[in-house]
Ligand SMILES: Cc1ncc(C[n+]2csc(CCOP(=O)(O)OP(=O)(O)O)c2C)c(N)n1
Ligand code: SF4
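Protein chains in written order, with our numbering: chain A, 554 to 857; chain B, -19 to 375.
Encoded structure:
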């Protein structure tokens, strides 16, 4: 049963007041709903160097009520593998191991350890919160940054390449469950994490996590920005269960109604795109349309 | 007494891991360590060893996964060599900082570039400042025994240990080894007490961001800052010399063999001239000493078994009475000298009776070095100090 009301979400807050993330942080809202979907006391989180490290607070105080094991930037997939193996070897059952890494720790430096873990079929959930850049170190470009975005390492020309298609890379590992999510659609996100919890094997969820300081929009617009990303087709909400692709939530509604906003509606509220050229904008629209059409095609093929 | 088997040092390390009942193994193959990974995999697949074996995609991941497995309470093992060890560098610091009792077999090999698969000790020496204990073995018997001792030491003081042995010279040479019986090892090394703190209730943030200064917790109790944790690691690694000694004595009581704790001597009682070395090279130095003694030179060997923590007072004590000390080592700190000689010289500065010290870099990348060459080079130093040079190299 899909969650349709806030009242259906568990009341327990796993993240207490006092986190060190910025106001209006998409990662923070993502983490909040993901942890609500997991069992209190039975969740072990593996975290690489990232905004997640900062969110978790400074020793000896943490606002997050989980067992969090920090690991070096590149090591998340391996650290999670070690946690899973160690728990099994010491007879600690019923724990859900969840890796929670940024796009830098996933698309870039962590891709080797992640691929290794997925190929071995390690029994864990890997959640990538994609804020489209190295935010912890001050908004440098990552391979998840979109074409045309100014970052601190693409300060004048802006990013000249499209975002890497991480889902295709992950899918090549033949996982039982892959999904995308957004903190702007928390019920959809909650349901996906909850579902993933009970799937056996490696599960991958990628969440598009708007970042006010990194993208250049007001803190209050977090949800608006997350929604625009989905409604413009920049970020598509779907899940892939044992290879079967299904659009979900707003993306599914858009597929049925056949309506989609333009990329320009999404980028206009973000200063990182303020220098985007007409050519880049056209390319970004074309890229987005292509991905959206592929998603539609796949959805209707798998759900006739 | 155990059972005598003709085995290589690699097999000895694999058997030791099994005897220690490791629960999680994660390793990535590299010559000359490879047989360790293969033999353990076979033990796990056949059911002879009940453990989780993670076939990782790199050494960085090998160490990352055993660190994490150790943090959740498992006894863990990994092994590597040369470039694999260098690839672990970030994780080496992370492991020591995490205070996890990992034991890692380091099969010494020269590092690229250019590629060599043959032996020297540059790989482990280059990792001396990572906060690990480093123990160097003379032969395969010492490898199996040191592995068993290492778990006891590591688990007592919560510091990871590298058990180092020379590639090919030991790793691939078959010799008779007294393999201890399982029940004796079980008595010597009880199963690991679970200190993970994972109880299904208590939240934790392990290895979080930390400030430089102490900071109060939620109850107002002042907790350490970064530097306090570093200081504790330093104090505990220095203090481990005592544990290393007592574990070795206890090992002798159980198995009838002692390896000298952190430093061993050969004919040092009446020696006027010392040769100082580590690993299988130190063992070879005993042959050189026999030759020198037959020529009427009162020579002896100081074998450094534990290089980190550096057993300075033991070394000073052994060298204080001699006229010359000649160092042979298979590593170099580029731009200066061999690391062992540097460290020993620094230790001797405090001593009133200092011998003349000479140091040689030898055997890099598998370059052969024979006992008679060691004897001849020592003789040169006996006649007058040779500051520092490389042996058996054409310029
Ligand atoms: C080996 C290594 N290289 C670089 C860094 C510095 N660093 C820490 S976090 C970070 C960026 C993290 O980016 P991402 O994974 O996207 O997470 P975010 O900060 O955006 O949450 C970098 C470059 C590091 N900690 N370790
Ligand atoms: S920089 Fe962005 S992702 Fe990081 S804490 Fe702030 S809002 Fe969140």
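Every residue, glycine too, gets a C-beta built ideally from N, C-alpha and C.
The structure displayed is predicted, hence computed values, not measured ones.
Identify the contact partners of residue 628 (chain A) in chain B, using a Cβ-Cβ distance below 9 Å as the criterion.
Stepping through the first chain from its first residue, residue 628 (chain A) is reached at position 75. Against chain B, the beta carbon of residue 628 (chain A) has neighbours under 9 Å at 40, 41, 43, 44, 45, 47, 48, 70, 71 and 74, listed in chain order.
Using 8 Å for Cβ pairs, my map puts residue -6 (chain B) next to residue 25 (chain B). What's the rounded Cβ distance?
Residue numbering aside, residue -6 (chain B) sits at position 14 when the second chain is read from its first letter. Residue numbering aside, residue 25 (chain B) sits at position 45 when the second chain is read from its first letter. About 13 Å separates the beta carbons of residue -6 (chain B) and residue 25 (chain B), which is beyond the 8 Å limit, so they are not a contact pair.
Mind checking whether the beta-carbon of residue 626 (chain A) lies closer than 8 Å to any heavy atom of ligand 1?
As a first step, residue 626 (chain A) must be located in the first chain, where it is residue number 73. Residue 626 (chain A): yes, Cβ under 8 Å from ligand 1.
Does ligand 1 have a heavy atom nearer than 8 Å to the CB of residue 684 (chain A)?
The residue labelled residue 684 (chain A) in the question sits at position 131 within the first chain. Result yes, Cβ under 8 Å from ligand 1.
Buried or exposed: residue 166 (chain B), going by 16 or more other Cβ atoms within 10 Å of its Cβ?
Here residue 166 (chain B) refers to the residue found at position 186 of the second chain. So residue 166 (chain B) counts as exposed.
With a cut-off of 9 Å, does the C-beta of residue 648 (chain A) fall near any C-beta of chain B?
Residue 648 (chain A) sits at position 95 when you count from the first residue of the first chain. With a threshold of 9 Å between beta carbons, residue 648 (chain A) makes contact with chain B.
Shorter than 8 Å, the distance from the beta carbon of residue 689 (chain A) to the closest heavy atom of ligand 1, or not?
Looking up residue 689 (chain A) in the first chain gives position 136. Within the cutoff, so yes.
Measuring only from the beta carbon, is residue 581 (chain A) closer than 8 Å to any heavy atom that is part of ligand 2?
Translated into the one-based positions of the first chain, residue 581 (chain A) becomes position 28. Remark: the shortest separation between the CB of residue 581 (chain A) and any heavy atom of ligand 2 falls under 8 Å.
Assigned secondary structure, residue 280 (chain B) (DSSP; H/G/I helix, E/B strand, else coil):
Along the second chain, read from residue 1 onward, the residue named residue 280 (chain B) stands at position 300. DSSP places residue 280 (chain B) in strand when its eight states are reduced to three.
Would you check whether ligand 3 has a heavy atom nearer than 8 Å to the C-beta of residue 762 (chain A)?
In the structure shown, ligand 3 is absent; the only ligands present are ligand 1 and ligand 2.
For ligand 1, is there any heavy atom lying closer than 8 Å to the beta carbon of residue 293 (chain B)?
On the second chain, position 313 is the one that residue 293 (chain B) refers to. No, ligand 1 has no heavy atom inside 8 Å of this Cβ.
For the pair the stretch 772 to 780 of chain A and the stretch 621 to 635 of chain A, tell me if three or more CB-CB distances fall below 8 Å.
Counting C-beta pairs closer than 8 Å gives fewer than three between the stretch 772 to 780 of chain A and the stretch 621 to 635 of chain A, which falls short of the contact rule.
Does DSSP put residue 138 (chain B) in a helix, a strand or coil?
Numbered from 1 along the second chain, position 158 holds the residue referred to as residue 138 (chain B). Reduced to three states, the DSSP call for residue 138 (chain B) is coil.
Beta-carbon neighbours of residue 203 (chain B), restricted to chain A and to distances below 8 Å
Taking the first residue of the second chain as 1, we reach residue 203 (chain B) at position 223. Under the 8 Å cutoff, chain A gives 612 and 613.
Runs of alpha helix (DSSP H) wholly within the stretch 204 to 252 of chain B (minimum 4 residues, chain order):
206 to 235, all fully within the stretch 204 to 252 of chain B.
Between which two residues does the alpha helix (DSSP H) carrying residue 105 (chain B) extend?
Here residue 105 (chain B) corresponds to residue number 125 of the second chain, with the count starting at 1. First-last of the alpha helix (DSSP H) with residue 105 (chain B): 102 to 105.
Let me make sure I understand the geometry here. Which of B:142, B:253, B:-14 and B:135 has the alpha-carbon closest to that of residue 117 (chain B)?
Taking the second chain and counting its residues from 1, one reaches residue 117 (chain B) at position 137. Closest by alpha carbon: B:142.
Partner residues on chain B for residue 668 (chain A), Cβ-Cβ distance less than 8 Å:
Taking the first chain and counting its residues from 1, the one referred to as residue 668 (chain A) is at position 115. Within chain B, the residues placing a beta-carbon under 8 Å from that of residue 668 (chain A) are 37, ordered along the chain.
When DSSP labels each residue in this structure, what does residue 374 (chain B) get in the three-state scheme?
Looking up residue 374 (chain B) in the second chain gives position 394. Under the three-state reduction of DSSP, residue 374 (chain B) is assigned to coil, being neither helix nor strand.
Closer than 8 Å: is that where the CB of residue 70 (chain B) sits relative to any heavy atom of ligand 1?
Taking the first residue of the second chain as position 1, residue 70 (chain B) is located at position 90. Under cutoff, so the answer is yes.
Using alpha carbons as the reference points, say which of A:670, A:650, A:608 and A:598 lies closest to residue 569 (chain A).
Numbered from its first residue, the first chain carries residue 569 (chain A) at position 16. Of the candidates A:670, A:650, A:608 and A:598, the residue whose Cα lies closest to the Cα of residue 569 (chain A) is A:608.
Which residues, in order along the stretch 669 to 703 of chain A, keep a beta-carbon less than 8 Å from a beta-carbon of chain B?
If the cut-off is 8 Å between Cβ atoms, the stretch 669 to 703 of chain A has 669, 672 and 673 near chain B.
Determine, using beta carbons only, whether residue 138 (chain B) and residue 216 (chain B) come nearer to each other than 9 Å.
Sequence index remark: in the second chain, residue 138 (chain B) carries index 158 (1-based). Sequence index remark: in the second chain, residue 216 (chain B) carries index 236 (1-based). Yes, the pair counts as a contact, with Cβ atoms nearer than the cut-off.
Contact with chain E by residue 604 (chain A), beta-carbon distance below 9 Å:
Here chain E cannot be found, since the structure's protein chains are A and B.
Simplified DSSP assignment, three categories, for residue 692 (chain A)
For the purposes of this step, residue 692 (chain A) is taken as residue 139 along the first chain, with counting starting at 1. Coil, per DSSP.
Between the Cα of residue 247 (chain B) and the Cα atoms of B:236, B:232 and B:269, which residue gives the shortest distance?
As a working note, residue 247 (chain B) is residue 267 in the second chain. When only C-alpha atoms are compared, the closest one is B:269.
Would you list the one or two residues that DSSP bridges to residue 596 (chain A)?
What you label residue 596 (chain A) is simply residue 43 of the first chain in a count that begins at 1. Listed as beta-bridge partners of residue 596 (chain A) by DSSP are A:649.
For residue 180 (chain B), go through chain A and note every residue whose CB falls closer than 7 Å to its CB, in chain order.
For the purposes of this step, residue 180 (chain B) is identified with residue 200 of the second chain, where counting begins at 1. Result: 594 and 595.
Between residue 262 (chain B) and residue 254 (chain B), what straight-line distance do the alpha-carbon atoms span, to the nearest angstrom?
As a first step, residue 262 (chain B) must be located in the second chain, where it is residue number 282. As a first step, residue 254 (chain B) must be located in the second chain, where it is residue number 274. Looking at the two C-alpha atoms, the distance is approximately 11 Å.
For residue 319 (chain B), is the beta carbon positioned less than 8 Å from some heavy atom of ligand 1?
Counting from 1 along the second chain, the entry for residue 319 (chain B) is found at position 339. Because no heavy atom of ligand 1 lies under 8 Å away, the Cβ of residue 319 (chain B) does not count as near it: no.
Is the Cβ-Cβ distance between residue 237 (chain B) and residue 121 (chain B) less than 9 Å?
If you number the second chain from 1, residue 237 (chain B) lands on position 257. If you number the second chain from 1, residue 121 (chain B) lands on position 141. Yes, the Cβ-Cβ distance between residue 237 (chain B) and residue 121 (chain B) is below 9 Å.
For the candidate residues A:577, A:731, A:615 and A:579, whose alpha-carbon lies nearest to that of residue 567 (chain A)?
Counting from 1 along the first chain, the entry for residue 567 (chain A) is found at position 14. When each option's Cα is compared against that of residue 567 (chain A), the closest is A:615.
If the cut-off is 8 Å on Cβ atoms, which residues from the stretch 768 to 801 of chain A count as contacting chain B, listed in chain order?
Within the stretch 768 to 801 of chain A, no residue has a Cβ lying closer than 8 Å to any Cβ of chain B.
What are the residues that DSSP puts in a beta bridge with residue 158 (chain B)?
If you number the second chain from 1, residue 158 (chain B) lands on position 178. Per DSSP, the beta bridge partners of residue 158 (chain B) are B:-16.
Inter-residue Cα distance where the pair is residue 169 (chain B) and residue 265 (chain B):
Numbered from 1 along the second chain, position 189 holds the residue referred to as residue 169 (chain B). Numbered from 1 along the second chain, position 285 holds the residue referred to as residue 265 (chain B). Those two C-alpha atoms are separated by around 33 Å.
Looking only at its own chain, which residues have a Cβ that is under 7 Å from the Cβ of residue 706 (chain A), when we skip the five neighbours before and after it?
Walking along the first chain from the start, residue 706 (chain A) turns up at place 153. If we look at residue 706 (chain A) and ignore the five residues flanking it on each side, its Cβ neighbours are 693 and 694.
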